[in-house]
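In our numbering, the protein residues as written are 18 to 221.
Down below is the structure, laid out as structure tokens.
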């Protein structure tokens, strides 16, 4: 789809093979990786599309990879694959900016629409970013909408910090940090951390 690719990151050979066949049959470009490290090593800045990521993997887990993506400002939408017991972890992943999560066993009628939506979101954000490249994000830009505290939270968000870390750093409660995060999303018109990275590709 418009040069986009679905990047499958899962240590299960059978799942990688089945998903490759599924998306290939749908004429969607797909690449598979057996570990988070393999994806991060291969990643190039011009990649577009979305990541389908298993939460539980040996070595670097899906959640740790999500944190690493944030640190590297890799803003591809992430769809997590999780077992039933992983649902609370997946909810945490969503709060940290994941696009969606799908429970195993995987069903094509659930996974495919989620992937197509993530691809559309990625394309829309890239289009929005290209239109904002010449907009100065300073005193006459979106930052003017944020309070000083919200800008502090945003800066930490863009540095990949968790809500708990920010609460300790700013001497606030986690609940207050979550409130500020919600206000930032509302004021800047974004719905995920990935969109924030695209809006502020060079941080603050």
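A virtual CB, placed ideally from N, CA and C, is assigned to each residue, including glycine.
In this structure, residue 46 places its C-beta atom within 7 Å of the C-beta atom of residue 22. In this structure the segment 73-87 does not lie against the segment 34-46, because fewer than three pairs of beta carbons, one per stretch, are closer than 8 Å. Secondary structure at residue 133: helix, using DSSP grouped into helix, strand and coil.
DSSP places residue 97 in the strand class (E or B) of the three-state scheme.
The three-state reading of DSSP puts residue 180 in helix, counting H, G and I together. Beta-carbon to beta-carbon, residue 121 and residue 93 are separated by about 21 Å, too far to satisfy the 8 Å threshold.
With a contact defined as Cβ atoms closer than 8 Å, residue 70 and residue 125 miss out at about 18 Å. The beta carbons of residue 117 and residue 67 sit no closer together than 7 Å. Spanning the alpha carbons of residue 173 and residue 190 requires a straight line of approximately 15 Å.
The Cβ atoms of residue 89 and residue 214 lie no closer than 7 Å to each other.
Annotation for residue 79: the continuous alpha helix (DSSP H) segment containing it runs 79-88.
Excluding the 5 residues flanking it on each side, residue 29 has same chain C-beta neighbours closer than 8 Å at 71, in chain order. By the Cβ criterion, the segment 129-136 is not in contact with the segment 162-170, since fewer than three pairs of Cβ atoms, one from each stretch, lie closer than 8 Å. Between the alpha carbons of residue 208 and residue 175 lies a gap of roughly 14 Å.
In the DSSP assignment, residue 46 forms a beta bridge with 22. Nearest to residue 142 by C-alpha distance, out of 41, 212, 85, is 212. Membership of residue 216 in the alpha helix (DSSP H) is indicated by the continuous run 210-216.
Proximity to residue 171 across 188, 217, 96 peaks at 217, based on C-alpha coordinates.
If you check the CB distance, residue 110 and residue 177 do not come in under 7 Å. According to the DSSP secondary-structure assignment, residue 118 is paired through a beta bridge with 97.
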